[in-house]
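Throughout, our numbering is defined as the position within the sequence shown, counted from one, plus 521. For each residue, glycine too, the CB sits at the ideal point set by N, CA and C. Single-structure report; data block below.
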Amino acid sequence: MEIKEIIYLVEDNKAFGLLTQKKLEKEFGCQVKHFGTGEEMLEFLDNNPDQQPGIIILDYYLNSMVETARNGEEILEELKLRKKNNKIPRKLPIIMLTAANELKMAVNLLQAGAVDYILKDDVFIENLSKTIHNIRNLRNYEAEIESHKAKAKAYRKRIIIMGTVIVVLLVSLVVFILTK
522 MEIKEIIYLV
532 EDNKAFGLLT
542 QKKLEKEFGC
552 QVKHFGTGEE
562 MLEFLDNNPD
572 QQPGIIILDY
582 YLNSMVETAR
592 NGEEILEELK
602 LRKKNNKIPR
612 KLPIIMLTAA
622 NELKMAVNLL
632 QAGAVDYILK
642 DDVFIENLSK
652 TIHNIRNLRN
662 YEAEIESHKA
672 KAKAYRKRII
682 IMGTVIVVLL
692 VSLVVFILTK
């Protein structure tokens, strides 16, 4: 049985979140877990270590339903701490979403560790899909590189062993010839 990748979607707008969830599940064949606040997602992460996400999609403004909810930047900082403390994978990509087209906010979020900053506009889902495809392609390239590194290491070991055998045979031959 194939294990589906899990994507966490943190979005306080239920309708927008459900629409995004359905589109991602259909396009990528993944399982999307939708959370209304970052706090809900963090609690779920703590209580379900066996359901680690492959990607987190995090909205910036998260207080439309829960007034005291922290914003996406604050949750991003918490996730950064968890990465530092090895509570979640260091390479876990976090994509930020927002309706605000603010360059300074985008720069701050990218500097804080987000892999992309996507506006909720008319081409939102296409941009999100491209980013997810890029993340998946990068993972495939990294896996391929690791595979080639492992093969190169195995070849190096074989060459060392073969070289050692040849040297031992040559030394044995020389000793044999000299002792005759």
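- In the DSSP assignment, Ile682 falls within the unbroken alpha helix (DSSP H) covering Phe645 to Leu699.
- Between Gln572 and the set Val553, Val587, Glu588 and Gly557, the nearest pair of CA atoms involves Val553.
- Rounded to whole angstroms, the separation of the alpha carbons of Pro570 and Gln632 is 27 Å.
- Pairwise C-beta distances place the region 599 to 613 out of contact with the region 582 to 589, as fewer than three of them are shorter than 8 Å.
- Annotation for Gly575: Glu526, Ile527 and Ile528 place their beta carbon closer than 7 Å to its own, counting only its chain and skipping 5 residues before and after.
- Cβ atoms of Asn584 and Asp642 stay farther apart than 8 Å, at about 21 Å.
- Your pair Ile653 and Phe549 checks out as a contact, with CB atoms roughly 6 Å apart and the cut at 8 Å.
- Counting only runs of at least 3 residues, the region 528 to 575 fully encloses the following beta strand (DSSP E) elements, listed from N- to C-terminal order: 552 to 556.
- Annotated as distal: Ile666 and Val636, with beta-carbon spacing of 8 Å or more.
- Tyr662 sits exposed, since fewer than 16 C-beta atoms from the chains shown fall within 10 Å of its C-beta.
- With respect to the 8 Å criterion, Leu579 and Ile639 are not classified as neighbours on the basis of their beta carbons.
- Exposure of Val628 is indicated by the presence of fewer than 16 other C-beta atoms within 10 angstroms of its C-beta.
- Note on Phe556: 16 or more other CB atoms within 10 angstroms of its CB, so buried under the neighbour-count rule.
- In terms of Cα proximity to Leu540, the closest of Leu649, Phe565 and Asn658 is Leu649.
- Between Leu597 and Gly538, the gap from beta carbon to beta carbon reaches 8 Å or more.
- Around the CB of Val531, 16 or more other CB atoms lie within 10 Å, so the residue is classed as buried.
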